[in-house]
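This report refers to the structure that appears directly beneath it.
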Amino acid sequence: MDFEVLDIAGDAGIRAYGKSCGEAFVNAGIGMYSLITDMDKIREKQDLTVEAEGDSLESLLVNFLNELVCQFDTNGFIGKRIRMDAFIPSRSSFLRARVYGEEFDPERHERKLLIKAATYHDIKVEEVNGTWEAAVVFDI
Amino acid sequence: MAIATLKRIDENRLEVPGDYKPGMRTRGIIYVDKVLEGALEPGAIEQVADVASLPGIVGASLAMPDIHTGYGFPIGGVAAFDIKEGVISPGGVGYDINCGVRLLRSNLRRDFLFPKMKELTGLLYNEIPSGVGSKGRIRLGPADAGKVLLKGARWAVEKGYGELSDLERIESGGYLEGADPSLISKKAYDRGEAQQGTLGSGNHFLEVQYVDQIYDEAAAGALGLFEEQVTVMIHTGSRGFGHQVCTDFLEVMGKAARKYGIELPDRELACAPFHSPEAQDYFAAMKAAANYAWANRQCLMHWTREVFMSMLGLSPKDLGMSLVYDVAHNVAKIEEHQVNGQKRELIVHRKGSTRAFPPGHPELPAVYRDLGQPVLIPGDMGRASFVLVGTEKAMLETFGSTCHGAGRMLSRHQAIRQAKGRAIWREMEDRGIIVRSAGRETLAEEMPEAYKDISNVVDVVHRAGISRKVARLRPMGVIKG
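What follows is the structure, given as C-alpha cells:
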C-alpha cells in the first residue's frame, strides 16, 4: 500500500510512502483523491499541470494538496494518476506535477468526503529507514 | 494523564491552570460537567493552553462543552484579544468562515405535515444542491461576486431571494461592513463561482423539524414558536470560497508571525498583530467570506420556502414561513466588553461557538432587544436541536458566547464500521425521520451515535447561565450532503 488513511475524530488524514520525497507526495495526492471518491471509477481523459511552492517540505505538501483541492472545487477535476515532473526540495521548495484524470460527475462517480483544505495539523514529512513518509490531515 | 492537573472550578467549569504549558499568558476555562469531562480529548486541552499563549489575549482562553480538537484553536473555542496589543488569527475562525445556522418558523403543525414528509424531503433534496462536487444554480459573474462579498444576505434579498424584513433577523444584519473584494485571490473567486446557494457536505444539513418541548413560554412566544409547530433549520457556511480565503491567509499570516516575532506552538495558530497590514487584510477578506455565507443561507432559505409553497399549494401568508434568526458560529468580530470594570475594545474569535448577547444589548435588533439574542444549537440528525437565548452572565464570563453543537464522539471510520450491515435510513424512518443524502457513506458517518448527546451539551451552558433554554426541536426530515 502506498498510503494509508488516518482515522481522526471529526476529520480524516493520509500517511503516504515513497522511495523519494516526491513519490510520497504523489501518493499523498492519490490518497487524498481516494477520500473524495472511489478511484476505480475515475478514468484518465484529461490532464493538467499544477505547481506549488513552499518554505519547507511541509508547506510544499500542504500547498500542493490545496492546489489539487482547488482544481477539484473549481473545475471538478479529479485525478487518477500523478506524475512529478519537477521536485526541488530546498528552503524555497518547488514542484510541478502533471495530473491525469477527468471531470467529476456526481451521477457516475461516488461521492465520499468533501475536503475543505489540507492542514498543518500533525503534519510530517520525513525519511524513515530509507522510506519517505508524508502525513497530512484534512479539514472535512 | 494531563487531565488530572486540571482544576474543577464548579459543577460546570474546569480550569486549565496558567502553568499547564510553558508560554501561557493566562489560564484556560473549559465549560464541562463531570459527564462531558469524560469525553475531553487531551489534544483539545493542549489547544486551549496554546491559544492562551498568543499575544494580547484578554481574560481566559475559553472552550464550550462541545469542545473537540481542531486545527490550532480547539473547536468550541472562544478567545478575545486586545485590539491594540493583541492578534487576529485565521485559525481562530476556521476554514469554514461564518459557518452558521438559521431557523425558520411556519404556521404548520406537525400532524399536518407528517404524512407528507417523504415527498417533501425528496423535493427539498432535488431543489437544494448538496454533496461533493455539486454546483448551485447561481453563477457568480465578477460584478455579482463583488456585490455578494460587500452586501451578504442583502445582495440575496435584492436579487429576490427573500424579504427585506429577513435582514434584521440575521446576526449583524446579514453582512459585515468593511469587506474588501480586492483582497480575494482568483482561486477563491473561482471556487466560489458555482457554490453560492449550495449546502455542501459533512455535517452541513437542511432539516425539517417540529417544536416538541418549550422551556420558556414567554421567550418562545417572542420568537414566534409554539408546540407541535413545524420549523426548518439550515446549517452551512461560505463553502469553497471561505475555505480558500482561510488557506490563502494562513500562508500570509504564517509569514507575518515570523516577521513580527510571534512564536507559534503550532503553525495553524498563525496570526499577526491586529493593526498590522497583514491582519487588516485578513480581517477584510474574512468579512467578505462571512458575507458570502450569509448570502448562501439566505438563498437556501428562499428555495426551501418555495418548495413548501408549491408542494402544499399554500400562499406565503398561509405558510407563514419566516426567519427566526441566523447565527454565525465561526467568525471574529470587534466588540466592546467590560473587563475588570473597564470598557475594552476586543477582537473576539468564536470558532465553533455562538454569540449569546443579553437582553438590551445595542447590537441586537429591535425585535429581540428585550428578549436577548436567539441562540441556535443543532444536534445530530436523530435526536434534537435547541433554541436558547443569550444572557448577562455570558457577557460577564464568556464575552457573550455559548456552545454551537453536539461535537463528534466517533471518528468517521468508527462510525462507518459501527453502521456496517445496518440501513441507517431505515432506522431513522422507524424513528419517524426521513433522511436523504448525496454521499453513500454520509448517513453512516452522521448517524446519531457518532455525536455526543446535544442535551448534555445544552444543559451545561444552561446550568452555567451563559444562555437559557427556550425550546427543543425534533427532526422530521433531513437532507445531508
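So the protein lines, in turn, are chains A and B.
Quick note on the working numbering: the first sequence kicks off at 1 and runs consecutively.
Quick note on the working numbering: the second sequence kicks off at 1001 and runs consecutively.
Here a beta-carbon is modelled for each residue, glycine too, at the ideal position from N, C-alpha and C.
All values derive from a computational prediction rather than experimental measurement.
request  = Classify residue 1378 of chain B as buried or exposed, calling it buried when 16 or more other Cβ atoms lie within 10 Å of its own Cβ.
outcome  = Here residue 1378 of chain B refers to the residue found at position 378 when the second sequence is read from its first residue. Per the 10 Å Cβ criterion, buried.
What is the rounded straight-line gap between the Cα of residue 1434 of chain B and the Cα of residue 1318 of chain B? The sequence position of residue 1434 of chain B within the second sequence is 434, counting from 1. The sequence position of residue 1318 of chain B within the second sequence is 318, counting from 1. Whole-angstrom Cα-Cα distance: 24 Å.
Rounded Cβ spacing between residue 1385 of chain B and residue 1233 of chain B (contact assumed at less than 8 Å)
Translated into positions along the second sequence, residue 1385 of chain B becomes position 385. Translated into positions along the second sequence, residue 1233 of chain B becomes position 233. Contact holds; Cβ gap of about 6 Å.
Next on the checklist: I want to verify the contact list: residues of chain A whose CB lies under 9 Å from the CB of residue 1096 of chain B, in sequence order.
Outcome noted: Mapped onto the second sequence, residue 1096 of chain B falls at position 96. In chain order: 116, 139.
Can you tell me which of B:1448, B:1394, B:1388, B:1135 puts its alpha carbon nearest to the alpha carbon of residue 1458 of chain B? Numbered from its first residue, the second sequence carries residue 1458 of chain B at position 458. Taking only the C-alpha atoms, the option nearest residue 1458 of chain B is B:1388.
Of the residues B:1061, B:1419, B:1007, which one's Cα is nearest the Cα of residue 1397 of chain B? Counted from its first residue, the second sequence places residue 1397 of chain B at position 397. Residue 1397 of chain B has its Cα closest to that of B:1061, out of B:1061, B:1419, B:1007.
Please compile the residues from chain B whose C-beta is within a distance smaller than 9 Å of the C-beta of residue 120 of chain A.
-> Within the first sequence, residue 120 of chain A is the residue found at index 120, counting from 1. Neighbours of residue 120 of chain A on chain B, chain order: 1071, 1072, 1250, 1254, 1266, 1267, 1268, 1270.
Just tell me which of B:1017, B:1080, B:1041 has its CA closest to the CA of residue 1337 of chain B.
In the second sequence, residue 1337 of chain B corresponds to position 337, counting from 1. It is B:1080 whose Cα lies nearest to the Cα of residue 1337 of chain B.
| Coarse secondary structure for residue 1098 of chain B, derived from DSSP in three states | Mapped onto the second sequence, residue 1098 of chain B falls at position 98. Of the three classes helix, strand and coil, the one that applies to residue 1098 of chain B here is coil, per DSSP.
Would you mind sorting residue 1001 of chain B into buried or exposed? The rule is 16 or more other CB atoms within 10 Å of its CB. Here residue 1001 of chain B corresponds to residue number 1 of the second sequence, with the count starting at 1. Legend: pLDDT at residue 1001 of chain B = 45, less than 50; position of this residue unreliable, no value from coordinates given.
C-beta neighbour in chain A for residue 1131 of chain B, strict 8 Å: Mapped onto the second sequence, residue 1131 of chain B falls at position 131. Yes, its Cβ sits closer than 8 Å to a Cβ of chain A.
### Query
Candidates B:1394, B:1213, B:1268: which alpha carbon is nearest residue 1375 of chain B's?
Start at 1 with the first residue of the second sequence, and residue 1375 of chain B comes out as number 375. Measuring from the Cα of residue 1375 of chain B, the nearest candidate turns out to be B:1394.
Practice problem: Kindly list, in the order they appear in chain A, the residues whose Cβ is closer than 7 Å to that of residue 1243 of chain B. | Solution: Mapped onto the second sequence, residue 1243 of chain B falls at position 243. The answer, in chain order, is 116, 117.
Selected residue, minimal CA-CA separation from residue 1133 of chain B, among A:5, A:16, A:91, A:77 = As a first step, residue 1133 of chain B is located in the second sequence; it is residue number 133 there, counting from the start. Residue A:77 is the option with its Cα nearest to residue 1133 of chain B.
Original post:
Is the shortest distance between the beta-carbon of residue 1001 of chain B and the beta-carbons of chain A less than 8 Å?
Top reply: Numbered from its first residue, the second sequence carries residue 1001 of chain B at position 1. Model confidence at residue 1001 of chain B stands at a pLDDT of 45, short of 50, so the residue's coordinates are unreliable; what they give is reported in the following sentence. No, no contact with chain A.
Bridge-paired residues (DSSP) for residue 18 of chain A: By 1-based counting over the first sequence, the position of residue 18 of chain A is 18. In the DSSP output, where bridge partners are listed per residue, residue 18 of chain A has A:132.
Counting only beta-carbon atoms, is residue 1441 of chain B nearer than 8 Å to chain A? In the second sequence, residue 1441 of chain B corresponds to position 441, counting from 1. At least one chain A Cβ lies under 8 Å of residue 1441 of chain B.
**Prompt:** Given a limit of 9 Å on CB to CB distance, which residues of the region 1404 to 1420 of chain B reach chain A?
**Reply:** 1407, 1408, 1409, 1410, 1411, 1412, 1413, 1414
Closer than 8 Å, Cβ to Cβ, to anything on chain A: give me those residues from the region 1190 to 1207 of chain B, in chain order. Legend: CB atoms of the region 1190 to 1207 of chain B lying less than 8 Å from CB atoms of chain A belong to residues 1190, 1191, 1193, 1195, 1200, 1201, 1202.
Check your understanding: What separation, rounded to the nearest whole angstrom, lies between the Cα atoms of residue 23 of chain A and residue 90 of chain A?
Key -> Counting from one through the first sequence, the residue named residue 23 of chain A turns up at place 23. Counting from one through the first sequence, the residue named residue 90 of chain A turns up at place 90. Distance between the alpha carbons of residue 23 of chain A and residue 90 of chain A: 16 Å.
Practice item. For the beta strand (DSSP E) holding residue 48 of chain A, just list the boundary residues, first then last. Key: As a working note, residue 48 of chain A is residue 48 in the first sequence. That run of the beta strand (DSSP E) goes 46 to 54.
field: chain A contacts made by the region 1051 to 1070 of chain B, where a contact means CB separation under 9 Å
entry: Residues 1068, 1069, 1070.
Task: Cβ distance (whole Å) where residue 102 of chain A is taken to contact residue 8 of chain A below 8 Å - done: The residue you call residue 102 of chain A lines up with position 102 of the first sequence. The residue you call residue 8 of chain A lines up with position 8 of the first sequence. Actually they do not touch by this definition, with Cβ atoms about 29 Å apart.
When you check each C-beta in the region 1166 to 1193 of chain B against every C-beta of chain A, which residues fall closer than 8 Å?
1187, 1190, 1191, 1193
According to DSSP, simplified to helix, strand and coil, what is residue 1158 of chain B? As a first step, residue 1158 of chain B is located in the second sequence; it is residue number 158 there, counting from the start. Here residue 1158 of chain B carries a helix assignment [DSSP, helix/strand/coil].
**Asked** Under a CB-based cut-off of 8 Å, is residue 1134 of chain B close to chain A?
**Response** Start at 1 with the first residue of the second sequence, and residue 1134 of chain B comes out as number 134. So, interface residue.
Review point. What is the residue span of the beta strand (DSSP E) that residue 1065 of chain B lies within?
Key: The sequence position of residue 1065 of chain B within the second sequence is 65, counting from 1. From DSSP, the beta strand (DSSP E) with residue 1065 of chain B extends over 1057 to 1068.
Checklist entry - If we call anything under 8 Å between Cβ atoms a contact, is residue 1157 of chain B one with residue 1150 of chain B? => result Within the second sequence, numbered from 1, the residue matching residue 1157 of chain B stands at position 157. Within the second sequence, numbered from 1, the residue matching residue 1150 of chain B stands at position 150. It is not a contact, given that the beta carbons lie outside the stated cut-off.
Practice prompt. Give a yes or no on whether 8 Å exceeds the smallest Cβ distance from residue 41 of chain A to chain B.
Written response: Within the first sequence, residue 41 of chain A is the residue found at index 41, counting from 1. Judged by the 8 Å Cβ criterion, residue 41 of chain A is not in contact with chain B.
* Asked: Tell me, which residues are paired with residue 1483 of chain B by DSSP?
  -> Given a span of 1001 to 1481 for chain B in the structure shown, any question on residue 1483 of chain B remains unanswerable.
query = From this set, A:11, A:18, A:6, A:2, which residue's C-alpha is nearest residue 129 of chain A's C-alpha?
reply = Numbered from its first residue, the first sequence carries residue 129 of chain A at position 129. Looking at the Cα atoms, A:18 is the closest of the given residues.
- request: Could you name each continuous alpha helix (DSSP H) segment of 4 residues or more that falls completely within the region 1272 to 1356 of chain B, going from the start of the chain to the end?
  value: You should have 1277 to 1312, 1316 to 1319.
So, are the CB atoms of residue 1282 of chain B and residue 1273 of chain B less than 8 Å apart?
Here residue 1282 of chain B refers to the residue found at position 282 of the second sequence. Here residue 1273 of chain B refers to the residue found at position 273 of the second sequence. No, the pair does not count as a contact, with Cβ atoms beyond the cut-off.
* Can the beta-carbon of residue 1068 of chain B be found less than 8 Å from the beta-carbon of residue 10 of chain A? -> Start at 1 with the first residue of the second sequence, and residue 1068 of chain B comes out as number 68. Start at 1 with the first residue of the first sequence, and residue 10 of chain A comes out as number 10. Yes. Within cutoff.
| query | Can you tell me whether DSSP reads residue 1263 of chain B as helix, strand or coil? | reply | What you label residue 1263 of chain B is simply residue 263 of the second sequence in a count that begins at 1. Note: residue 1263 of chain B maps to coil in three-state DSSP.
Residue 108 of chain A versus A:26, A:48, A:37, A:2, residue with shortest Cα-Cα distance
As a working mapping, residue 108 of chain A is identified with position 108 in the first sequence. Ranked by how close their Cα comes to the Cα of residue 108 of chain A, the residues A:26, A:48, A:37, A:2 have A:37 in first place.
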